[in-house]
Amino acid sequence: MHLSIDSLKEAGAFTGAPIEKEIAWKQGDKELTATVYVRPLSYSTAVSDLLAMNGKVDGLAGRIAASIVDEKGKPVFTPADITGEADPDRGALDGNLTIALLTVIAEVNNLGKTTSSAN
3 MHLSIDSLKE
13 AGAFTGAPIE
23 KEIAWKQGDK
33 ELTATVYVRP
43 LSYSTAVSDL
53 LAMNGKVDGL
63 AGRIAASIVD
73 EKGKPVFTPA
83 DITGEADPDR
93 GALDGNLTIA
103 LLTVIAEVNN
113 LGKTTSSAN
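Using my numbering, you'd call the opening residue of the sequence shown number 3 and step up by one each time.
Structural data, given as structure tokens:
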């Protein structure tokens, strides 16, 4: 293959539209649900991961901020929104919600799944 925009599109090398998913988490005594849009791992995620490696952003907060978007693909959060630095009075994102978001990000990207090897 010759590397070009067309050959990369044909190979599926671009992430395309975000994927709509439902999440659920417990907030105190309440079970909450929400519709989220997850951007498959992309250039934005790679940039966030590099910033995290260099200590410029929290790794998990950066992954959530790069992956959770609105239906048009615009980020819903900044890493500082997630860590609580953006608004100390509001504080950090709830732990159960954080786990739900990381779980759906992993699900969309097939993270944690291994392929079996033939012996």
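Even glycine gets a Cβ: it sits at the ideal position worked out from N, Cα and C. These numbers were taken from a predicted model, which means no experiment stands behind them.
Item                                                                                                                                                       : Value
Closer than 8 Å by C-beta to I101: which residues in its own chain qualify, once you throw out the five before and the five after it? Chain order, please. : W27
Taking the alpha-carbon positions, what's the T105 to E33 distance?                                                                                        : 17 Å
Just reading off the beta strand (DSSP E) that L95 is part of, what are its end residues?                                                                  : Counting along the chain, L95 falls outside any beta strand (DSSP E), and DSSP gives it neither H nor E.
Confirm, please, whether the CB-CB distance from A108 to T85 is below 7 Å.                                                                                 : no
Taking the alpha-carbon of A68 as reference, which of G30, L5, F79 has the nearest alpha-carbon?                                                           : F79
Can the beta-carbon of N112 be found closer than 7 Å to that of P42?                                                                                       : no
Tell me, please, which residues DSSP counts as bridged to I21.                                                                                             : V40
Determine the burial state of L103: buried for a count of at least 16 other Cβ atoms within 10 Å of its Cβ, exposed for fewer.                             : buried
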